[in-house]
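Quick note, the sequences are listed as chains A and B, same order. When we follow this note's numbering, the leftmost residue of the first sequence carries the number 198, and every step to the right adds one. When we follow this note's numbering, the leftmost residue of the second sequence carries the number -7, and every step to the right adds one. Glycine residues also receive a C-beta, built at the ideal position from the N, C-alpha and C atoms. Please read these numbers as outputs of a predicted model, since none were measured by experiment. Have a look at the structure below, then the notes.
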Amino acid sequence: MAQKVTIEPVTRVEGHGKVTIHLDDNMNVAQSRLHIVEFRGFERFVQGRPYWEAPVLVQRLCGICPVSHHLAAAKALDVIVGAGTGHGLTATGEKMRRLMHYGQIFQSHALHFFHLSSPDFLLGYDADPAIRNVIGVALNFPDLAVQGVMMRKFGQEIIEHTAGKKVHGTGAIPGGINKNLSIEERDLFLHGADPLNIDKMIEWADSALQFFKGYYMQNRATIDDFAHFPSNHLSLVRKDGALDLYHGVLRAVDAEGNKILNDVDYQDYYNYIEEEVKSWSYMKFPYLKHLGKEKGWYRVGPLARLNTCDFIPSPMAQKEFEIYKAVTNGKPNNYCLHTHWARLIELLHSAEIMKDLLNDPDLLKTDLVSKGIKVHEGVGLLEAPRGTLFHHYKINDNDEITMANLIVSTTNNNEPMNQSVNFVAKRAMSGKAEITEPMKNQVEMAIRAYDPCLSCATHALGKMPLDIKMYDAKGNEIDHYKS
Amino acid sequence: MSETVKFTIDGKECIGKKGQYIVDAAAENGVYIPVLCHMKDVIPAGSCRVCTVKANGRNMAACTSPVEEGMSIENNTAELLDIRKAIVEMLFVEGNHFCPACEKSGNCDLQALGYKYQMMVPRFPYVFERRNIDATTPKIFLERNRCIFCKRCVRMIKDAEGRSIFAFKGRGETLEINIDHKLAANMTDEMAQLAMDICPVGAILRKEVGFNEAIGTRKYDKKVIGSDIENNHQ
């Protein structure tokens, strides 16, 4: 008899989601879907607000990566106030923002690895769920758990000293930043007592990476076999092809590494990307316009970034990047669980970049804001921890926002997450007489690899009514809920 | 030399000038009485009532009542503190105050009083009244959702000929703050900044400069509202 398996809530991810898996009469997986059950409304209720409020208002989408929204909105408004994109800011303005951003990447990646995903690796995906969590990690691997907490703390302190608060600060303003770094603040991060100094953070980031590599060597077959499928990959890269998480041009490659979006200016993103709405999720499905809905979907995030960039502009991370790329002979990496590896390389890179920035005297200068001739539209993109984040605003002559479009990292990964869920569900559950908890956790692991932020991803309002339908094995509708 | 009067506030012996409003005389004696509509040296409006004290046994607005010889004033009593807290709560529920994204946060007198009186959740139901914004003048973004009708802007912001740039329109539930578009067209940046600074909430915003004060440097980031008055006389 046909069955439906529901995994709800999906655990150890940011936000609320559920997975439904439809089994046919032979207990084979017929269809799996990741449903996002949250409902937000930021694109709508930011309309009518003064444009300079957007970086502070829209970041409330999220408590985990507000800095990404804060900065993406500020970047869009840089365009509006005539400061241009990327290099239009003062050196202090841009570098303070970069420090804030890399602090955010650092704390978010540390949070994901140590708190959310490490229980699967350290304790086993089939361990008792009662201990397969951050508490279990703390009890069994106390040193690692402390490192995770302190690395996150370091990143949060960087955010506090650049944005004003650890969560939901106000540092980035249109055209720049509202504070510089004092010598005392700088020295706190450069020479603070162990472990809260940048050298210790680099050491710990490297040690987390080495741990994962060791785990990978011992479990290579399992990791490689878990949800691998070809896909396109998209991210920003610096103009010279380097990994750059704050600013760059849009590049996409296919599963073979061919460029399918060739370093284009993101101010024109809407010429290249479109979003599809599906009836069963509050999250939209973006795709590359010229390839269409079926072939144009892509992945974003650490895996995608290390597939699109040519090199990493920091020595330790570059060395690790070369080892990582060798696994796939320089071709794009399409192994879902390698996302963790890529994320840890970025963790190390972020720490190295923060050290470079902290040693840069521009952070101490006082020329904070630049402005030019105001225009009525601006787009801001950056690489958030979970992937490419798009903010697009239009304003009227009265400085009120008239349009906002946000394509959030997790939204970009919507189709890949569904593909991964389907892949793992079929592999783990098809033909089995009983659906066990470890099987369900494997499905969650597939989602978790993308570090999705479901709260961020469901920001649209008035575009999709809540409409839920249930079907039996023959495709007959057996239940229907409509809001 | 003006005539002095002696009075007490919560038993503390104070000296003031004859005709001086209680709130100002109290401040000169190191006693803080909260205000939202009052500004020193401006004709009082007595509209918010958050300065309510008990003078000789009667509830009075400290911003409109002068001190008198021998007056016994109660200020920090449980009853008065609860009245003030209730007034702050009413102001919060009557408007649409969303501090997290308000650029006046940290510089806002209403928010600061909310913290001072430890307002966790208002005891009154939210009104969620729909109020229009006026963003059509070049220097000012008039955010009526946050207006508490203190009338500070009406009394203080005037052009070179003494004409008020702001005015009230309507009565009762339809009352709203308005800005004279012709006069506002000639406002200088300094006037716009002054209007924003004297507004005790975030109803008057100077355009294009929002959030330029870093967290940690704003008026109430590190000290409780009124503490400067109290500390100056220790």
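Taking the Cβ atoms as the reference, V216 of chain B lies roughly 6 Å from K108 of chain B, within the contact range of under 8 Å. Secondary structure remark: continuous alpha helix (DSSP H) runs of at least 4 residues inside the segment 388 to 432 of chain A, in chain order: 395 to 415, 417 to 422. Taking a Cβ-Cβ threshold of 8 Å, none of the residues of chain B is close to V450 of chain A; the smallest such distance is about 38 Å. Taking a C-beta distance under 7 Å as the contact criterion, A93 of chain B and L503 of chain A do not qualify as a contact pair.
Between E86 of chain B and V119 of chain B the beta-carbon gap is near 5 Å, inside 8 Å, which marks them as a contact.
Not one beta carbon of chain B lies nearer than 7 Å to the beta carbon of I277 of chain A. DSSP places A539 of chain A inside the alpha helix (DSSP H), whose first and last residues are 535 to 555.
Chain B places a beta carbon closer than 7 Å to that of G361 of chain A, counting this residue as a contact. The Cβ atoms of D151 of chain B and L175 of chain B lie closer than 7 Å to each other. Going by DSSP, K9 of chain B is part of no alpha helix (DSSP H) but of the beta strand (DSSP E) stretching over 4 to 9.
Chain A has no Cβ within less than 7 Å of the Cβ of I221 of chain B. Under the 7 Å criterion on CB atoms, P263 of chain A is classed as non-interfacial with respect to chain B. Of all residues in the segment 175 to 203 of chain B, only L197, K199, E200, V201, G202, F203 come within less than 9 Å of chain A when Cβ atoms are compared, listed by chain position.
Secondary structure note for S64 of chain B: its beta strand (DSSP E) is the uninterrupted segment 64 to 66. Using a Cβ-Cβ cut-off of 7 Å, V253 of chain A counts as an interface residue toward chain B, since at least one Cβ of chain B sits closer than that to its own.
Taking the Cβ atoms as the reference, L579 of chain A lies roughly 7 Å from L433 of chain A, within the contact range of under 8 Å. The beta carbons of E491 of chain A and P483 of chain A sit no closer together than 7 Å. Taking a C-beta distance under 7 Å as the contact criterion, T563 of chain A and A646 of chain A do not qualify as a contact pair. G22 of chain B and T0 of chain B have their alpha carbons spaced roughly 12 Å apart. Counting along the chain, I171 of chain B sits inside the beta strand (DSSP E) bounded by residues 168 to 171.
Within the segment 19 to 72 of chain B, the runs of beta strand (DSSP E) at least 3 residues long that lie entirely inside it are, in chain order, 44 to 47, 50 to 53, 64 to 66.
Contact annotation, I190 of chain B with M31 of chain B: C-beta distance approximately 7 Å; criterion of less than 8 Å satisfied.
Contact of A127 of chain B with chain A is assigned, a C-beta pair being separated by under 7 Å. None of the residues of the segment 101 to 114 of chain B has a beta carbon lying less than 8 Å from any beta carbon of chain A. The beta carbon of I207 of chain B falls within 7 Å of a beta carbon belonging to chain A, placing the residue at that interface. Unbroken beta strand (DSSP E) runs of no fewer than 3 residues, entirely contained in the segment 441 to 475 of chain A, are found at 446 to 450, 456 to 461, 470 to 473, following chain order. Interface with chain B (7 Å Cβ-Cβ cutoff): T563 of chain A is excluded. Neighbourhood of K376 of chain A in chain B, by CB distance below 7 Å: A206, in chain order. I370 of chain A has a beta carbon lying within less than 7 Å of a beta carbon in chain B.
Judged by DSSP secondary structure, A360 of chain A falls within the alpha helix (DSSP H) whose first and last residues are 339 to 360. Cβ proximity to chain B below 8 Å picks out N595, D596, E597 from the segment 582 to 603 of chain A. Shortest Cα-Cα distance from A53 of chain B to any of B:F116, B:I75, B:N124 involves B:I75. For V216 of chain A, the three-state secondary structure derived from DSSP is strand. Annotation: the continuous alpha helix (DSSP H) that includes F242 of chain A extends over 239 to 242.
In the structure shown, L231 of chain A adopts extended strand secondary structure according to DSSP, grouped into three states. Within the segment 138 to 202 of chain B, the complete beta strand (DSSP E) segments of 3 residues or longer fall at 158 to 161, 168 to 171, 196 to 198, listed in chain order.
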